[in-house]
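Undergrad:
In my numbering, the protein residues as written are 12 to 578.
(1) Is there contact between the stretch 123 to 139 and the stretch 13 to 24, where contact requires at least three CB pairs shorter than 8 angstroms?
(2) Taking 6 angstroms as the limit between beta carbons, can you name the residues of its chain near residue 206, skipping five residues before and five after?
(3) Exposed or buried, what is residue 542 when buried is set at 16 or more other beta-carbons lying within 10 Å of its beta-carbon?
(4) Determine whether the beta carbon atoms of residue 517 and residue 253 lie at a separation below 7 angstroms.
(5) By DSSP, does residue 137 sit in helix, in strand, or in coil?
(6) Beta-carbon within less than 7 angstroms of residue 424's beta-carbon, same chain only, minus the 5 sequence neighbours each way: which residues are those?
(7) Return yes when the Cβ of residue 57 is within less than 7 angstroms of the Cβ of residue 236, no when it is not.
(8) Which of the three DSSP states, helix, strand or coil, is assigned to residue 362?
(9) Suppose you measure from the CA of residue 459 to the CA of residue 483; what does that come to, to the nearest Å?
(10) Could you name each continuous alpha helix (DSSP H) segment of 4 residues or more that falls completely within the stretch 457 to 503, going from the start of the chain to the end?
(11) Strictly by DSSP, which residues pair up with residue 328?
(12) Who are the near neighbours of residue 471 in its chain, counting only those whose CB is closer than 8 angstroms to its CB and skipping five residues on each side?
(13) Under three-state DSSP, which class holds residue 549?
(14) Please go through the stretch 260 to 317 and give each complete beta strand (DSSP E) segment of 3 or more residues, from N-terminal end onward.
(15) At which residues does the alpha helix (DSSP H) containing residue 410 begin and terminate?
(16) Inspect the CB distances between the stretch 35 to 43 and the stretch 262 to 274 and report whether three or more fall short of 8 angstroms.
(17) In angstroms, rounded to a whole number, what distance separates the CA positions of residue 98 and residue 528?
(18) Looking at the strands, I want to know which residues DSSP matches up with residue 251.
(19) Tell me, which residues are paired with residue 27 by DSSP?
(20) Starting from the C-beta of residue 574, find all residues in its chain whose C-beta is less than 8 angstroms away, skip the five residues before and the five after it, and write them out in chain order.
(21) Taking 8 angstroms as the threshold, find out whether the stretch 382 to 397 comes into contact with the stretch 173 to 191 through three or more Cβ pairs.
(22) Alpha carbon to alpha carbon, how far is residue 155 from residue 437?
(23) May I ask you to verify whether the stretch 97 to 112 touches the stretch 403 to 411, counting CB pairs closer than 8 angstroms and requiring at least 3?
(24) Roughly how many angstroms lie between the CA atoms of residue 566 and residue 454, to the nearest whole one?
(25) On the DSSP letters alone, give me the boundaries of the beta strand (DSSP E) that residue 390 sits inside.
(26) Would you give the residue range spanned by the alpha helix (DSSP H) that residue 88 belongs to?
(27) Out of 506, 559, 432, which one is the CA nearest neighbour of residue 456?
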């Protein structure tokens with residue numbers, strides 16, 4: 012796969028760092044990859060957009076799923092994952108996840124993560140949507156992500172690993188053969204490094220998280236602007252399944268005009284017995300699925316939206332008053348505090364909830380070792396599409412996927428000797444090939460996507476979204492082509508440009524998939540069509556900035572790299 016030659020408009024790097032591996036991102040996937048690479052004797056640099064503990068991982072409330080309980084097996088975990096994935100999971104990828112998952116969790120515990128324990132000293136496990144067994148390990152009641160982040164950050168700092176915080180990654184550096192040779196990045200604020208620089212490394216691991224900020228309301232932090240997917244596309248990598256954006260069913264409803272990051276009400280609350288009800292107190296999920304409120308997330312989100320449409324309501328309710336104050340305070344202290352901060356006491360009244368953008372099941376296409384279609388470029392965590400999640404992620408599989416595939420990436424880099432190659436990056440282009448959008452475009456993109464490509468989609472809504480996104484793209488492109496002008500380089504313009512890139516791909520994939528499957532819900536195509544669409548949509552960026560779209564022949568991903576190109 013050759014590079015597109017497209018780069019963000021940015022100053023030339025003014026400083027550089029040399030390493031064996033550069034890991035971009037500091038969530039569970041990024042820090043696990045970094046720790047395993049460092050343990051293998053590889054000089055590793057971690058680059059993160061904010062502080063080390065500011066990624067999406069620390070917001071994870073529910074927990075991490077693995078077959079750790081008595082009577083549970085990886086095979087049962089596999090079955091639940093395949094059902095949730097609605098026919099599009101890569102079974103080999105899932106089998107790797109569920110088989111290697113339990114030991115990966117144990118290694119995480121050995122690293123220092125402290126999970127809640129039951130009375131007999133074993134792990135206290137709970138259930139979430141789509142799981143037929145209690146297999147969700149959690150910490151601090153509903154603060155699992157924060158505990159995992161704490162343990163990994165402490166381990167990284169204890170090892171004295173080199174980190175570059177407050178740094179937005181810009182583009183992939185490549186050598187004359189098209190292999191990864193590092194990244195360019197912009198450090199925000201004063202410190203050892205400032206402004207645009209580069210990390211030169213023959214192995215680049217993307218662990219940049221999701222792209223939830225492409226929608227107006229999301230559970231994702233402000234840093235989740237799709238930077239890794241956009242970088243990979245500009246580098247010539249393939250992305251897949253971007254149409255499958257999971258909308259979490261139960262997000263605290265703060266009003267119809269609420270925008271930005273919204274408080275999540277974990278699925279574990281339903282796992283412990285909370286009920287979804289309408290304004291009249293009717294449990295509307297009964298009879299819609301055998302698991303009722305604990306059905307897979309796409310089923311519950313659709314059930315909520317249908318009820319909202321039927322009753323012309325802005326939200327539904329989550330009723331857990333029967334928990335009592337003690338259970339709320341001990342099991343869900345974070346959620347309780349968030350609700351009360353917004354004037355809602357779940358001990359005494361039902362919590363208003365509605366779906367919001369939560370998790371990207373698709374991303375940069377990888378194989379079972381985390382390798383992308385660009386030699387030397389790896390991806391793991393939410394930025395990646397390993398094939399594990401299919402059309403809809405099973406609850407609490409995300410942290411596990413980050414753990415398992417990060418470990419596999421580190422093992423592959425160490426085993427192949429990739430790090431021994433001295434990177435020879437080509438000079439960055441003097442003239443920018445990619446126009447930058449003005450900062451105000453971010454809000455416009457979010458509103459376009461929420462209106463046209465949200466929970467409910469149709470050909471008409473997607474066509475309108477595509478047209479409006481194209482106009483944003485064309486206006487910026489024409490200004491650059493005609494007079495060489497583009498928006499001033501900076502974090503806000505780079506983020507807006509990345510959001511437009513991933514939004515275009517998401518909408519194009521959603522238009523192509525003319526069916527309803529998993530978390531892709533087409534009002535005009537309500538049925539699931541396994542004959543035509545039990546396959547993946549793969550997209551890459553052409554040098555002229557147009558999109559090349561194809562579908563795979565089967566549910567299995569083809570190899571990411573020809574055998575001759577593998578390291």
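Backbone N, C-alpha and C define an ideal beta-carbon position, used for all residues, glycine too.
Given the structure is predicted, the values throughout are model-derived calculations rather than measurements.
TA: Here's the rundown:
(1) Short answer: they don't touch.
(2) If we look at residue 206 and ignore the five residues flanking it on each side, its Cβ neighbours are 25.
(3) With fewer than 16 other Cβ atoms from the protein chains shown falling within 10 Å of its own Cβ, residue 542 counts as exposed.
(4) Contact flag set, yes.
(5) DSSP, reduced to helix, strand and coil, places residue 137 within a strand of the structure shown.
(6) Result list for residue 424: 32, 48, 53, 214, 430, in chain order.
(7) Result no, Cβ atoms of residue 236 and residue 57 do not sit closer than 7 angstroms.
(8) Collapsing the DSSP output to three states places residue 362 in a strand.
(9) Cα-Cα distance, rounded: 11 angstroms.
(10) DSSP assignment within the stretch 457 to 503 yields the following whole alpha helix (DSSP H) runs of 4 residues or more, N-terminal first: 470 to 494.
(11) Partner(s): 288, 363.
(12) The residues 535, in chain order, have a CB closer than 8 angstroms to that of residue 471 in the same chain once the five nearest residues on each side in sequence are set aside.
(13) Residue 549 falls in the strand class under three-state DSSP.
(14) Here the runs fully enclosed are 286 to 288.
(15) Segment 408 to 427, the alpha helix (DSSP H) holding residue 410.
(16) Segments in contact, no.
(17) Rounded to the nearest angstrom, the two C-alpha atoms are 9 angstroms apart.
(18) Per DSSP, 374, 549.
(19) Residue 27 pairs with 209.
(20) Since pLDDT at residue 574 reaches only 41, below the 50 mark, its modelled position is unreliable, and the value read off the structure follows with that caveat. Annotation for residue 574: no residue places its beta carbon closer than 8 angstroms to its own, counting only its chain and skipping 5 residues before and after.
(21) With the rule of 3 Cβ pairs closer than 8 angstroms, the stretch 382 to 397 counts as touching the stretch 173 to 191.
(22) Roughly 42 angstroms between the two C-alpha positions.
(23) Verdict: yes, contact present.
(24) Taking the straight line joining both Cα atoms gives about 35 angstroms.
(25) Here the beta strand (DSSP E) through residue 390 covers 388 to 390.
(26) In the DSSP assignment, residue 88 falls within the unbroken alpha helix (DSSP H) covering 85 to 95.
(27) The shortest C-alpha to C-alpha distance from residue 456 to any of 506, 559, 432 is the one to 506.
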